[in-house]
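Student: Position 213, counted from 1, in the sequence shown is what numbering that gives the first Met the number 0 calls 212; the numbers after and before it change by one each time, with no gaps.
Cβ atoms here follow ideal geometry from the backbone N, Cα and C, with glycine treated the same way.
Got a structure here, written out as structure tokens. Questions coming.
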Amino acid sequence: MGEAIHGGEIEKKILERIKEIYPSAKEIPIRTKFWKIKYTEVTVNGKTVNSSLMPYTSGDVKGKIGKNIVAIKMPSHPFDIAKIYSMYKDKDAIIFYEDGKLRRIGVDGKVPSVFLDREPKGEVEIRSDGELIDSNSYNLEVELLPGDDYITVGAHVDHWLTGFHDNLFAVDILTSLKPKVKKHGLKLLFFSSEEGPKCCTGSIQQPKDGTFIMISLDSLYPDRVVFSATPELWKFSSLFPIKRIEMPTPFSDHFSYITDGYPAMVLYNDDMIPVYHSNRDVEIQEDYEFFCIIKNRLEKLIETLDNMSRENLDEDFKRITGKERKGSIVPMGLTSEVKRD
């Protein structure tokens, strides 16, 4: 389908495809923004090169690589790009590059910034125009099984560039789930907008009444997971092939549930950093086996949680943290911590 930028038509086409699977799905209207890229063109020494515009920059610049136009090799971690960008805000343009790869990674500023699939040298001309515009979209809520409260499993549908593992893979897992649940209801949530945390709050706007627990799937990649969850859920990590267990990351759809006082977790894998937000995030040979493993283990987790009550989970949370749940976990950089007295 192509790149599914938050609030755009491709995102809506994915949601429409999901509605074909679940005709009774409920649309939850949300307010978001669409990044409309009118054009991007970069030439190096007069020759057009492959490029991607960095969210949410825009502008035209011409000159030599050097003092006023800087070219920076892709750092070891994608999140370092925003830090590096902030160091060069006095420049006319900031170019990131990586051999054979394009990426889109958000930065904070107005200085034009592009990503190239080769190191630029010499004369460069950047022509780009993009703007954030208000957009209306919707989350899709699917009730698989009715109940007094719900085990909710969610994934965002928007993505930068190819976006196979971030996050079409997770969307596919959601549509395959068939756990045996008796004591709680079961819902699937397909969030419209996640890739653009400054402007897009699809999960925050989602009504949460009746939630028993929220499980988010995001950036899954063979062949293990990071188990990022409220502490009372850590014991269930043994169901999965684990890279590490951690406090909840604030940068995922589950975190708004945590701040509202619900048990919540996300499964992801930062082993995908080499292809994160790139045009190389595509299907690989190991995906099918990993898909089957995660589907089966996730169904087992849901069935295990089905035998528990909210009181059970809240008691475990208080025993571990010494606190009541709501408001006790707060963001701390890329992770979170129990709020200090």
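#1: Identify, in the order they occur along the chain, each residue of the same chain with its Cβ nearer than 7 Å to the Cβ of Asp313, setting aside the five sequence neighbours on each side.
#2: Taking the beta carbon of Gln205 as the centre, do at least 16 other beta carbons fall within 10 Å, making it buried, or is it exposed?
#3: CB-CB under 7 Å to Ile83, same chain, minus the five flanking residues each way: which ones, in chain order?
#4: DSSP on Trp159, reduced to helix/strand/coil?
#5: Between the stretch 144-161 and the stretch 179-187, are three or more C-beta pairs nearer than 8 Å?
#6: Helix, strand or coil for Arg296 per DSSP?
#7: Whose CA, out of Tyr256, Lys207, Lys120, Lys299, lies closest to the CA of Gly65?
#8: Whose C-beta lies closer than 6 Å to the C-beta of Arg296 among residues of the same chain, with five residues either side of it excluded?
#9: DSSP three-state label for Met86, please.
#10: For Val337, which residues in the same chain have their Cβ closer than 7 Å to its Cβ, ignoring the five residues on either side in sequence?
#11: Grouping DSSP H, G and I as helix and E and B as strand, with all else coil, what is Leu216?
#12: CA-CA distance, Ile29 and Lys63?
#13: Whose C-beta lies closer than 6 Å to the C-beta of Gly105 among residues of the same chain, with five residues either side of it excluded?
#14: Is the stretch 130-140 touching the stretch 89-108 in the sense that three or more CB pairs, one from each, lie closer than 8 Å?
#15: To which residues of the same chain is Val274 closer than 6 Å at the C-beta, ignoring the five residues directly before and after it?
#16: Would you tell me roughly how many angstroms separate the C-alpha atoms of His5 and Leu115, rounded to the nearest one?
#17: Just checking my contact of Tyr220 with Asp128 at CB under 8 Å: how many whole Å lie between their CB atoms?
Tutor: Answer, in terms of the structure:
#1: If we look at Asp313 and ignore the five residues flanking it on each side, its Cβ neighbours are Arg324.
#2: With 16 or more other Cβ atoms inside 10 Å of its own Cβ, Gln205 counts as buried.
#3: Contacts found: Ile71, Pro74.
#4: Coil.
#5: The stretch 144-161 makes contact with the stretch 179-187: 3 or more CB pairs, one atom from each, lie closer than 8 Å.
#6: When DSSP states are grouped into helix, strand and coil, Arg296 belongs to the helix group.
#7: It is Lys120.
#8: Contacts found: Leu238, Phe239.
#9: Three-state result, Met86: helix.
#10: Answer for Val337: Thr320, Lys322, Ser327, Ile328, listed in chain order.
#11: Of the three classes helix, strand and coil, the one that applies to Leu216 here is strand, per DSSP.
#12: Distance between Ile29 and Lys63, taken at the CA atoms: about 44 Å.
#13: Excluding the 5 residues flanking it on each side, Gly105 has same chain C-beta neighbours closer than 6 Å at Pro54, in chain order.
#14: Remark: fewer than three beta-carbon pairs, one from each stretch, lie closer than 8 Å, so the stretch 89-108 and the stretch 130-140 are not flagged as touching.
#15: Annotation for Val274: Asp280 place their beta carbon closer than 6 Å to its own, counting only its chain and skipping 5 residues before and after.
#16: One alpha carbon belongs to His5, the other to Leu115, and they sit about 22 Å apart.
#17: Going by Cβ atoms, the distance from Tyr220 to Asp128 rounds to 33 Å, so no, they are not a contact pair.
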